[in-house]
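Just so you know, the sequences run in chain order S and Z. Numbered as in our numbering, the first sequence ends at 463 without a single skipped number. Numbered as in our numbering, the second sequence ends at 463 without a single skipped number. Where is the CB? At the ideal position from N, CA and C, for every residue including glycine. Data block below; observations after.
There are 2 protein chains.
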Amino acid sequence: MERFQAYVDANRTRFLEELKELCAQPTIAAQGVGLEETARWLENRLQRLGARVQRFVMDGSPPVLYAELGAGERTLLIYNHYDVQPPEPLEEWHTPPFEPTIQDGRLVARGVADNKGDLLCRLQALEAYQETIGPLPIRVRFVIEGEEEIGSPHLILFAEQHRDLLQADGCLWESGGKDAGRRFVLTLGVKGICYVELTVRTAASDLHSSWGGVIPNAAWRLVWALQTLKDANERILVDGFMDHVRPPTAQERAHLATLPFDEAQIKDNFGFADFVQGLSGVDLLVQHFYGPTCTICGLKAGYQGQGSKTVLPCVASAKVDFRLVPDLTPELVLELLRAHLDRRGFQDIQITDLGGTRPARSSLDDPFVRLCAEVARLTYGAEPVIYPTSPGSGPLDSLCRDVPTVMAGVSHANARVHAPNENIFLDDYFQGIRFVGELVRRFAAP
Amino acid sequence: MERFQAYVDANRTRFLEELKELCAQPTIAAQGVGLEETARWLENRLQRLGARVQRFVMDGSPPVLYAELGAGERTLLIYNHYDVQPPEPLEEWHTPPFEPTIQDGRLVARGVADNKGDLLCRLQALEAYQETIGPLPIRVRFVIEGEEEIGSPHLILFAEQHRDLLQADGCLWESGGKDAGRRFVLTLGVKGICYVELTVRTAASDLHSSWGGVIPNAAWRLVWALQTLKDANERILVDGFMDHVRPPTAQERAHLATLPFDEAQIKDNFGFADFVQGLSGVDLLVQHFYGPTCTICGLKAGYQGQGSKTVLPCVASAKVDFRLVPDLTPELVLELLRAHLDRRGFQDIQITDLGGTRPARSSLDDPFVRLCAEVARLTYGAEPVIYPTSPGSGPLDSLCRDVPTVMAGVSHANARVHAPNENIFLDDYFQGIRFVGELVRRFAAP
Numbered sequence: 018m019e020r021f022q023a024y025v026d027a028n029r030t031r032f033l034e035e036l037k038e039l040c041a042q043p044t045i046a047a048q049g050v051g052l053e054e055t056a057r058w059l060e061n062r063l064q065r066l067g068a069r070v071q072r073f074v075m076d077g078s079p080p081v082l083y084a085e086l087g088a089g090e091r092t093l094l095i096y097n098h099y100d101v102q103p104p105e106p107l108e109e110w111h112t113p114p115f116e117p118t119i120q121d122g123r124l125v126a127r128g129v130a131d132n133k134g135d136l137l138c139r140l141q142a143l144e145a146y147q148e149t150i151g152p153l154p155i156r157v158r159f160v161i162e163g164e165e166e167i168g169s170p171h172l173i174l175f176a177e178q179h180r181d182l183l184q185a186d187g188c189l190w191e192s193g194g195k196d197a198g199r200r201f202v203l204t205l206g207v208k209g210i211c212y213v214e215l216t217v218r219t220a221a222s223d224l225h226s227s228w229g230g231v232i233p234n235a236a237w238r239l240v241w242a243l244q245t246l247k248d249a250n251e252r253i254l255v256d257g258f259m260d261h262v263r264p265p266t267a268q269e270r271a272h273l274a275t276l277p278f279d280e281a282q283i284k285d286n287f288g289f290a291d292f293v294q295g296l297s298g299v300d301l302l303v304q305h306f307y308g309p310t311c312t313i314c315g316l317k318a319g320y321q322g323q324g325s326k327t328v329l330p331c332v333a334s335a336k337v338d339f340r341l342v343p344d345l346t347p348e349l350v351l352e353l354l355r356a357h358l359d360r361r362g363f364q365d366i367q368i369t370d371l372g373g374t375r376p377a378r379s380s381l382d383d384p385f386v387r388l389c390a391e392v393a394r395l396t397y398g399a400e401p402v403i404y405p406t407s408p409g410s411g412p413l414d415s416l417c418r419d420v421p422t423v424m425a426g427v428s429h430a431n432a433r434v435h436a437p438n439e440n441i442f443l444d445d446y447f448q449g450i451r452f453v454g455e456l457v458r459r460f461a462a463p
Numbered sequence: 018m019e020r021f022q023a024y025v026d027a028n029r030t031r032f033l034e035e036l037k038e039l040c041a042q043p044t045i046a047a048q049g050v051g052l053e054e055t056a057r058w059l060e061n062r063l064q065r066l067g068a069r070v071q072r073f074v075m076d077g078s079p080p081v082l083y084a085e086l087g088a089g090e091r092t093l094l095i096y097n098h099y100d101v102q103p104p105e106p107l108e109e110w111h112t113p114p115f116e117p118t119i120q121d122g123r124l125v126a127r128g129v130a131d132n133k134g135d136l137l138c139r140l141q142a143l144e145a146y147q148e149t150i151g152p153l154p155i156r157v158r159f160v161i162e163g164e165e166e167i168g169s170p171h172l173i174l175f176a177e178q179h180r181d182l183l184q185a186d187g188c189l190w191e192s193g194g195k196d197a198g199r200r201f202v203l204t205l206g207v208k209g210i211c212y213v214e215l216t217v218r219t220a221a222s223d224l225h226s227s228w229g230g231v232i233p234n235a236a237w238r239l240v241w242a243l244q245t246l247k248d249a250n251e252r253i254l255v256d257g258f259m260d261h262v263r264p265p266t267a268q269e270r271a272h273l274a275t276l277p278f279d280e281a282q283i284k285d286n287f288g289f290a291d292f293v294q295g296l297s298g299v300d301l302l303v304q305h306f307y308g309p310t311c312t313i314c315g316l317k318a319g320y321q322g323q324g325s326k327t328v329l330p331c332v333a334s335a336k337v338d339f340r341l342v343p344d345l346t347p348e349l350v351l352e353l354l355r356a357h358l359d360r361r362g363f364q365d366i367q368i369t370d371l372g373g374t375r376p377a378r379s380s381l382d383d384p385f386v387r388l389c390a391e392v393a394r395l396t397y398g399a400e401p402v403i404y405p406t407s408p409g410s411g412p413l414d415s416l417c418r419d420v421p422t423v424m425a426g427v428s429h430a431n432a433r434v435h436a437p438n439e440n441i442f443l444d445d446y447f448q449g450i451r452f453v454g455e456l457v458r459r460f461a462a463p
């Protein structure tokens, strides 16, 4: 890998210029801006690597780029996206979001951390490999979409129609990087999610609250239904729900004990006094990483303005998200929830499915996970932090079903992802290139 | 009373013109329009009756007019207000709201039903009495305020400072008239109210909902606290609350059985399937008239827009009104509620007092109530409908403490109070004058 590294060092300026060129393109899925241009730029870049590129457009979506290069017995799937968040609020940027700027060892630009940096460093790593070591000893399959920041509405369709293109022995997912202690982080999956709106209507219109003793009240119906879902001890009570939660193994618990998790810092950051139920230590981490959630994201009923209005609301609604761990699925949760409410006389509570994804979690013992950890140790000279899952969600399962997947990237704890002044460290970027180069080499012959 | 009635008949046109003159004056408390002008008009009208008039202004309020006339052992207190609701939406009026118009036997104008009709018919009745029968055989005390439609914010202060002016043997309150079956209605009081906002904050800002398993959620705290206040069987659970509820006597229950109450019509009007707990008949009326309420008037937390947002809300709030029957008071409810929440670990739920009034209810057996019923039978030629209380609230207790009070007026079931095309029937108006004349005569020597 010495020649590889020498090549990267020699091409440092060109690589950076190329990253600036990619980040200078606004590619805003939410606003439908610049998607085709960036897709074309990437197609061209992939073809220069020698990749065979296909584009898949579903219902007028921005193209999903699928690219293959290299040959070998083993296949590495790589997932990225070329779209970015909108740059607003513009006035809070110190430099223009689409004029990538180097400052204090960082590159500042919209999308550089999420995830154009991850994407391009992977392409440049493959270039360096081919230019210095030779033809790729593995098959690499890229899936690069343009709608991640608006929830990947077409990715599942693509995956279902092209399952054969997604066969692989391991997958490198987008996102990741270094934590607040500058430790490199590997994350082995995501929680699933089932997002519902619960709505109840009790009358044709709102009524004067003097009827409150005798006419049904939608807000009360909603409160009574909600309180059957989770109790004040934070136990999720949906019938059968917890039966599908796989508890952590002894090994997984032991692993949690090794994770850095600064409880005091988190309390301070978010301004709350205590974690629920006074949880701390490994028990807290078990709940956070291996527990499902049932979260009220919003409540709405009746009068919400200043002062008082004596009204009996005829409609009330709650937004609720369930974060899912194996073996829960959104389909199962919808079914359990309906049965749970019906069993308690809440047939009047309407459930609207606002979308879901399945959980996906690779094992700590998986050979691909072990390989990524080994490569991280080599690249960063220290033990990586391995999170068993992100507590958040993503379309990982739909793409990577049964393919061990690791999230590893070039971002960092203060990269201001989705916020003004998004940035990455240049050194992290070039370490990321090295990480991918090492991974390709060792993946061929683990 | 024949000469009285002959005088009223002879002056029918003048009386009506005078009512139109009063209703032509916009007197909109919410907009601060025309209050002084109407107060002056009334002062003048009262003085022409021979009344001694005082005006009380508190903190720049529109004047409370206090007027006394007549002499005798017994005193009748009369409460009215000279302000009206805003006329908007103007486009829904068939005739201009402040150009009183006679149509199909009705007078249409903003405020004619609520309550300039009630007010002026009482003055004209006293005029007719004095012109035909002689000096009033009782002392009449008028209290006429200009802020009823904005919640009477200064009336309590007036009452507290001038309790001596409010001594009386009976009080005729504003509002009332005929029901949908054209039966004349007497109402013997109001429920009290205690209106609170419950607010809880669990963190400094909203969080990503992936924290939902371990960081406290304000919306959940609120739901858990609310469900301790009333259960799904509509039982109010606030500790000690129901101990202060005076159940109806056997006589009061028997009286309820005589009331017209068209359950099917009410369900149809408001579009709901069943009264709570399947209540019907006398049990329903007991709950409606003799039961307190605990009503969620509004819920607010987190995201309420279209679709999904995965947010963990740091603030949640509910507006709750309690309608109070004797012997509950707003002060007591605030105290019980705080203790109830604290006892269950909800010290974090903040209670904001958004105002309250006490219940006031005269007895079915009270001699003044019996007198009003007798006068109603005489005037309307039929048994009046007597409601033990309005299920709504008003500042009755603050003014009439210990004075038996009856609400009786010249409005009707479709008078469109607070709405466009407010109206009264002319015949009801002149019957109302007769009612007051008879009441004065019989009140002197019951």
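- Going along the chain, which residues of its own chain have a beta-carbon closer than 8 Å to the beta-carbon of I232 of chain S, five neighbours each way excluded? The beta carbon of I232 of chain S sits closer than 8 Å to the beta carbons of T219, A220, L224 and L329 from its chain, once the five residues preceding and following it are set aside; these are given in chain order.
- Item | Span of the beta strand (DSSP E), counted from its first residue to its last, around R14 of chain S | The question about residue 14 of chain S has no answer here: the residues shown for chain S are numbered 18 through 463.
- Looking at chain S, which residues of the region 275 to 306 of chain Z have a Cβ within less than 7 Å of any of its Cβ atoms? Of all residues in the region 275 to 306 of chain Z, only F287, G288, F289, F292, V293, L296, L301, Q304 and H305 come within less than 7 Å of chain S when Cβ atoms are compared, listed by chain position.
- Any idea what DSSP makes of I366 of chain S, helix, strand or coil? Three-state result, I366 of chain S: coil.
- Task: Please confirm if the region 452 to 462 of chain S is in contact with the region 112 to 127 of chain Z, defined as three or more CB-CB distances below 8 Å between the two stretches.
- Result: Not touching, per the Cβ criterion.
- Query: What are the boundary residues of the alpha helix (DSSP H) that W228 of chain Z is part of?
  - Reply: First-last for W228 of chain Z: undefined, no H or E at that position.
- Query: Are the beta-carbon atoms of S169 of chain Z and G426 of chain Z separated by less than 8 Å?
  - Reply: Not in contact: S169 of chain Z and G426 of chain Z (Cβ atoms no closer than 8 Å).
- For A267 of chain Z, the first and last residue of its enclosing alpha helix (DSSP H): Under the DSSP assignment, A267 of chain Z falls in the alpha helix (DSSP H) whose first and last residues are A267 to L273.
- Kindly indicate which three-state DSSP category M424 of chain Z falls into: helix, strand or coil? Of the three classes helix, strand and coil, the one that applies to M424 of chain Z here is strand, per DSSP.
- Query: Whole alpha helix (DSSP H) runs in the region 309 to 381 of chain S with 4 or more residues, listed along the chain?
  - Reply: When DSSP assignments are scanned along the region 309 to 381 of chain S, the uninterrupted stretches of alpha helix (DSSP H) that are 4 or more residues long and fall wholly within it turn out to be 347 to 360.
- Query: Under a three-way DSSP split, which group does G187 of chain Z fall into?
  - Reply: DSSP places G187 of chain Z in strand when its eight states are reduced to three.
- Report the option in S:L63, S:V101, S:G77 and S:A290 whose CA atom is closest to the CA atom of A84 of chain S. Nearest option by C-alpha distance: S:L63.
- Item | Cα-Cα separation between R378 of chain S and D181 of chain S, rounded to whole angstroms | Cα-Cα distance, rounded: 21 Å.
- Message: In whole angstroms, give me the CA-to-CA distance for L388 of chain Z and G87 of chain Z.
- Response: Distance between the alpha carbons of L388 of chain Z and G87 of chain Z: 20 Å.
- Item | the region 298 to 315 of chain Z contacting the region 255 to 275 of chain Z, beta-carbon criterion three pairs below 8 Å | With a cut-off of 8 Å, the region 255 to 275 of chain Z and the region 298 to 315 of chain Z count as touching, because enough Cβ pairs lie within range.
- Which value, in whole angstroms, describes the spacing of the CA atoms of G77 of chain Z and A235 of chain S? Cα atoms of G77 of chain Z and A235 of chain S: separation of roughly 41 Å, rounded to the nearest angstrom.
- Query: By the criterion of Cβ-Cβ separation under 8 Å, what are the contact partners of D338 of chain Z in chain S?
  - Reply: Those are S226, G229, S325 and T327, listed as they occur along chain S.
- Message: Could you tell me the alpha carbon to alpha carbon distance between R263 of chain S and V342 of chain S, rounded to whole angstroms?
- Response: Going by C-alpha positions, R263 of chain S is about 7 Å away from V342 of chain S.
- Task: Look at Y96 of chain Z and G163 of chain Z and say whether their C-beta atoms are less than 8 Å apart.
- Result: Going by C-beta atoms, Y96 of chain Z is not nearer than 8 Å to G163 of chain Z.
- Is the Cβ of P106 of chain S closer than 8 Å to any Cβ of chain Z? With 8 Å as the cut-off, P106 of chain S does not count as an interface residue toward chain Z.
- Message: Our contact map puts A130 of chain Z next to A432 of chain Z with C-beta atoms below 8 Å; I'd like the distance itself, whole angstroms only.
- Response: About 4 Å; that satisfies the 8 Å criterion.
- Uninterrupted beta strand (DSSP E) stretches inside the region 31 to 99 of chain Z (no shorter than 3 residues): Fully enclosed beta strand (DSSP E) runs of 3 or longer: 69 to 73, 81 to 86 and 92 to 98.
- Task: Indicate whether the contact test is met: 3 or more Cβ pairs, each with one atom in the region 332 to 339 of chain Z and one in the region 201 to 220 of chain Z, closer than 8 Å.
- Result: The answer is yes - the region 201 to 220 of chain Z touches the region 332 to 339 of chain Z, with three or more Cβ pairs under 8 Å.
- Chain-order list of residues whose beta-carbon lies under 6 Å from that of Q178 of chain S (same chain, five-residue window excluded): Within its own chain, no residue has a Cβ closer than 6 Å to the Cβ of Q178 of chain S once the five positions on either side in sequence are excluded.
- Task: Compute the Euclidean distance between the alpha carbons of E53 of chain S and G206 of chain S, then round it to the nearest angstrom.
- Result: Approximately 30 Å, taken between the alpha carbons.
- Item | Same chain, Cβ closer than 7 Å to Y320 of chain S, neighbours up to 5 away in sequence not counted | Excluding sequence neighbours, Y320 of chain S sits near K326 and V328.
- Message: Please list the terminal residues of the continuous alpha helix (DSSP H) segment that includes P384 of chain S.
- Response: Note, P384 of chain S: alpha helix (DSSP H), P384 to Y397.
- Message: Check whether chain Z comes within 8 Å of V240 of chain S, counting only Cβ atoms and requiring the distance to be less than that.
- Response: Yes - at least one Cβ of chain Z is within 8 Å of the one on V240 of chain S.
- Item | Own chain partners of D256 of chain S with C-beta closer than 8 Å, once the 5 adjacent residues on each side are dropped | Around D256 of chain S: L353, A356, H357 and R360.
- Between which two residues does the alpha helix (DSSP H) harbouring G409 of chain Z extend? For G409 of chain Z, there is no enclosing alpha helix (DSSP H); the residue is part of the beta strand (DSSP E) that begins and ends at S407 to S410.
- For V160 of chain S, the residue or residues it bridges with in DSSP: Under DSSP, the beta-bridge partners assigned to V160 of chain S are S:Y83 and S:Y96.
- Query: Do you know how far the Cα of R375 of chain S is from the Cα of S415 of chain S?
  - Reply: One Cα belongs to S415 of chain S, the other to R375 of chain S, and the distance between them is close to 8 Å.
- Query: Relative to the alpha-carbon of E108 of chain Z, which residue among Z:L443, Z:P437 and Z:F442 has its alpha-carbon at the smallest distance?
  - Reply: Nearest of Z:L443, Z:P437 and Z:F442 to E108 of chain Z, Cα basis: Z:P437.
- Identify whether H261 of chain Z lies in helix, strand or coil by the three-state DSSP scheme. It is helical.
- Message: I need the straight-line Cα distance from L140 of chain Z to V293 of chain Z, nearest angstrom please.
- Response: Cα to Cα, the separation comes out at about 44 Å.
- Item | R286 of chain Z, DSSP secondary structure in three states | It should be noted that the sequence gives Asn, not Arg, for residue 286 of chain Z. Three-state DSSP puts N286 of chain Z in a helix.
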